[in-house]
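Just below is one structure, and these are the notes that go with it.
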Amino acid sequence: MSNFWNQAFDLNGRCAVITGGAAGIGLACASLLVERGARVALLDRDPAVVEVAAGLGAGHIGLAVDLRQLDQVQTAVDQAAAHLGRLDFLVNSAGVALLDKALDVDESAWDTTLDINLKASFFVAQACARHMIGQGTGRIVNLASQAAVIGLDRHVAYCASKAAVVGMTKVLAMEWASHGINVNAVSPTIVETALGKKAWAGELGERAKSQIPVGRFAQPEEIAGLVLYLLSDAAKMITGENVVIDGGYSIQ
93 MSNFWNQAFD LNGRCAVITG GAAGIGLACA SLLVERGARV ALLDRDPAVV
143 EVAAGLGAGH IGLAVDLRQL DQVQTAVDQA AAHLGRLDFL VNSAGVALLD
193 KALDVDESAW DTTLDINLKA SFFVAQACAR HMIGQGTGRI VNLASQAAVI
243 GLDRHVAYCA SKAAVVGMTK VLAMEWASHG INVNAVSPTI VETALGKKAW
293 AGELGERAKS QIPVGRFAQP EEIAGLVLYL LSDAAKMITG ENVVIDGGYS
343 IQ
């Protein structure tokens, strides 16, 4: 049995594309996959992604890309596949949260939220799946949110986008299962990334924590651990699921 687990989480020879990979959850996922032996291609709008990828060691690549531009998406995925030699995994981690009351949300904020959180996630998945289908195997994890399953004040565009990601995940899982591709979503609560710590500092954060049964926010490494499991051979029978990791917030 121990040999099964060792093999299941051994990612040597596997290759991953990770969007939003320059920081936060995306970088935590990248670091863990590299630790388990994978090679990674990081896609991010921040040009620093090139240096971030180099900092992970030899064989990795960082590509600066605007995921709202579909021609850039296709080019970046093809570049990643060419550099890595194959594509086994995709972690769709890029996202944006532009918060406002529903009566005050403007078209620009709505479109930006849906373009990055939903549209980009789909077209990156589509581009990666075309490579995975040729291999007969692949794993995709889409970052959704607890906002996909509950309503949150001032989050109308964000909630809509993340609920749509979960719906998209289920359809992709159905359509691509016959090609050996598993597709799942992960829905975290507030995560203490650098941006998360800044946004939820002080009394605001303490009030939010008090509403979470476990009494704290999630850590990027905890999200990465769940992503690793869903990408691993231990999760071959899991597809089309939305795994909530929110310290019990959504069960109330």
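Taking the numbering used here as reference, the numbering of the sequence shown is continuous, increasing by one, and the terminal residue is 344.
We put the CB at the ideal spot given by N, CA and C, even for glycine.
Residues near residue i by beta carbon distance below 6 Å, same chain, minus five either side
i: I153; result: A133, A145, H175
i: G118; result: I110, G112, S185
i: A333; result: Per the sequence shown, the amino acid found at residue 333 is Glu instead of Ala. If we look at E333 and ignore the five residues flanking it on each side, its Cβ neighbours are N276.
i: A265; result: V275, T331, G332
i: L373; result: There is simply no residue 373 to check, as the chain begins at 93 and stops at 344 in what is shown.
i: N104; result: G129
i: G151; result: R131
Assigned exposure category for residue i - 16 Cβ within 10 Å defines buried
i: K254; result: buried
i: W97; result: exposed
i: L287; result: exposed
i: R299; result: exposed
i: Q238; result: buried
i: P312; result: buried
i: A194; result: exposed
i: S213; result: buried
i: D196; result: exposed
i: D180; result: buried
Beta carbon of residue i nearer than 8 Å to that of residue j
i: V335; j: V183; result: no
i: A156; j: V165; result: no
i: I178; j: L322; result: Per the sequence shown, the amino acid found at residue 178 is Arg instead of Ile. Going by C-beta atoms, R178 is not nearer than 8 Å to L322.
i: V257; j: A269; result: no
i: A108; j: A316; result: no
i: A172; j: S324; result: no
i: V36; j: V169; result: Any answer about residue 36 is impossible in this case: the structure gives the chain only from 93 up to 344.
i: E314; j: I337; result: yes
i: D163; j: R137; result: no
For residue j and residue i, believed in contact at Cβ under 8 Å, the rounded distance
i: G226; j: I208; result: Not quite, the Cβ-Cβ distance comes to about 28 Å (not below 8 Å), so this is no contact.
i: H247; j: L191; result: 6 Å
i: G259; j: T229; result: Wrong, their Cβ atoms sit about 24 Å apart, outside the cutoff.
Close Cβ partners of residue i (< 7 Å) along its chain, the five nearest in sequence each way excluded
i: L244; result: C251
i: A122; result: I110, G113, V132, L134, L148
i: L235; result: I117, N184, S185, G187, V278
i: A221; result: G230, W268, I273
i: A219; result: V165, Q166, V169
i: A140; result: A114
8 Å CB neighbourhood of residue i in its chain, flanking five on each side removed
i: D102; result: R128, G129
i: K211; result: R160
Is it true that the region 126-133 meets the region 193-205, where meeting means three or more beta-carbon pairs spaced less than 8 Å apart?
No: fewer than three Cβ pairs fall under 8 Å.
When you compare the region 336-344 with the region 276-286, are there three or more beta-carbon pairs, one atom per stretch, that lie closer than 8 Å?
yes
For the structure I just gave you, are there three or more beta carbon pairs, one from the region 297-317 and one from the region 259-277, closer than 8 Å?
no
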